[in-house]
Every structure is written in C-alpha cells, then in structure tokens.
Amino acid sequence: MPDMLVRLYALPDPSPYDARTAASGIAVRRMDAWDRDIVRRFVREQFSDNWAAEVEFAFSNGHPITGFVAVKDGDIAGFAAYECSRRGFFGPTGVREDLRGSGAGASLLMRCLESMREMGYAYAIIGGVGPAAFYEKVCGATVIEGSDPGVYAALYAEARTKAPRQQRT
Numbered sequence: 006m007p008d009m010l011v012r013l014y015a016l017p018d019p020s021p022y023d024a025r026t027a028a029s030g031i032a033v034r035r036m037d038a039w040d041r042d043i044v045r046r047f048v049r050e051q052f053s054d055n056w057a058a059e060v061e062f063a064f065s066n067g068h069p070i071t072g073f074v075a076v077k078d079g080d081i082a083g084f085a086a087y088e089c090s091r092r093g094f095f096g097p098t099g100v101r102e103d104l105r106g107s108g109a110g111a112s113l114l115m116r117c118l119e120s121m122r123e124m125g126y127a128y129a130i131i132g133g134v135g136p137a138a139f140y141e142k143v144c145g146a147t148v149i150e151g152s153d154p155g156v157y158a159a160l161y162a163e164a165r166t167k168a169p170r171q172q173r174t
C-alpha cells in the first residue's frame, strides 16, 4: 500500500463533509485526556491492536492531543489521529462500519489535516493507504511514487527483529 501526499496549503473547504456528518447526528471533536481508555478500546475492538497502540501516541504528544473523535448518541463512531508513527503523518483513522458513508471519516480527516497545517506543516503524509480514491477525493492527496512498501514495512520489520528493552530496576 503506497503513501500519499497532501498539500496542506491547498486544502478544500470541509463544510460539505461537516454538514453531512452533522445531518447524520454525529459530532466531531478533539480528543480529551479522559477519552484515552475508551478510544483505545474502540480502536482495538473495531480495528486492530496495532492501531490501538499507535493511537496511544496521540495522547502522549502533549496539548493539544493529536486526534479527533466522532460521537453519535454518546458512543464513539470513529476516530482519527496524526503525529503517531512519524512526524507529519496522518493516521490511523477509522469509522464504525455501520456509519461509513455518513461523512464522519471525511470530517475527521479534514480536522486532522487542518490541525497539522496550524502546526506549521505545508504537507502531510498519509502512510500505507488503503482507500486511495477516498483521500484523493476528500483532500486532493496524490500517491507518492516508489512508496510501496513505505515506512511502515521498515518499522514493522525493525520491531520484529529487536528484543524489547530491559527495564531498569
């Protein structure tokens, strides 16, 4: 799966996605410290342990927390994070299967990208992209040639070959 590049200085207007999300009864907000356990549980149950471990970094980056949640009827509907695996990277992100197509994924993506732009980034990288057409449509992302396998393949290979660090007593 290739990586994609987003020009943060040329982001499209997110209001159509935000309107669709709101019409679906979904609110998008920045993650708060007290969301840590419930977000991690949601990501683990809906997606994977690897993503749950990765999203943990969104809570460790200081303030503001580098992630957003979508909430419907008091329950998490989706999440998106950035600055988790590498600086300047968007992801992981996901929306509950029953709410895909609600606009929540696009709203979460755009909130993260706007936040990255506010941090001073001119570009963002979306690593190991699955739905390339979605990212191209929503934020104008383009495939980075020669990026498959990308940084994640090297990270996972390195993690498999290194022994865990010993704790000091």
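Counting in this note's numbering, the sequence shown runs without a single skipped number right up to 174 at its last residue.
Note that CB positions come from ideal geometry on N, CA and C, so glycine has one too.
Note that the structure is a prediction, hence the values are computed from the model and not measured.
Nearest candidate by alpha-carbon position, reference residue i, set the options
i: Asp80; options: Ser20, Phe94, Thr147, Leu104; result: Leu104
i: Pro7; options: Lys142, Gly133, Ser65, Asp42; result: Gly133
i: Ala82; options: Pro19, Val48, Met124; result: Val48
i: Pro21; options: Val143, Gly72, Lys77; result: Val143
i: Glu50; options: Ser112, Glu123, Gly99, Tyr140; result: Gly99
i: Pro97; options: Ser53, Pro69, Ser65; result: Ser53
i: Ala111; options: Glu141, Met124, Glu123; result: Glu141
i: His68; options: Val76, Arg101, Asp153, Met124; result: Met124
i: Ala28; options: Glu61, Val76, Trp56, Asn55; result: Val76
i: Ala38; options: Trp56, Pro19, Leu113, Val60; result: Val60
i: Leu113; options: Gly72, Ile149, Asn55; result: Gly72
Classification of residue i by the beta-carbon crowding that lies within 10 angstroms, buried from 16 upward
i: Ala138; result: exposed
i: Thr26; result: buried
i: Arg34; result: exposed
i: Arg46; result: exposed
i: Pro17; result: exposed
i: Thr147; result: exposed
i: Ser107; result: buried
i: Pro136; result: exposed
i: Gly151; result: exposed
Supposed close pair residue i, residue j - CB separation, criterion 8 Å
i: Asp40; j: Val74; result: 6 Å
i: Ala58; j: Met36; result: Incorrect: roughly 16 Å between the Cβ atoms, too far for contact.
i: Met121; j: Leu10; result: That belief does not hold up - the Cβ atoms of Met121 and Leu10 are roughly 12 Å apart, past 8 Å.
i: Ile43; j: Ala109; result: Going by Cβ atoms, the distance from Ile43 to Ala109 rounds to 17 Å, so no, they are not a contact pair.
i: Ala15; j: Gly155; result: The pair is not a contact, with the Cβ atoms about 23 Å apart (cut-off 8 Å).
Beta-ladder partner(s) of residue i, from DSSP
i: Leu4; result: Coverage of the chain is limited to positions 6 through 174, which leaves residue 4 absent and any answer about it impossible.
i: Tyr87; result: Phe95
i: Phe73; result: Arg35, Ala85
i: Val3; result: Outside the displayed span of the chain (6 to 174) sits residue 3, for which this structure offers no information.
Any C-beta of chain B under 9 Å from that of residue i
i: Asp42; result: Of the chains in the structure shown, none is chain B; there is only one protein chain.
Is the stretch 84-104 touching the stretch 114-121 in the sense that three or more CB pairs, one from each, lie closer than 8 Å? Yes, they touch.
Between the stretch 126-145 and the stretch 90-97, do at least 3 Cβ pairs fall closer than 8 Å? A contact exists between the stretch 126-145 and the stretch 90-97.
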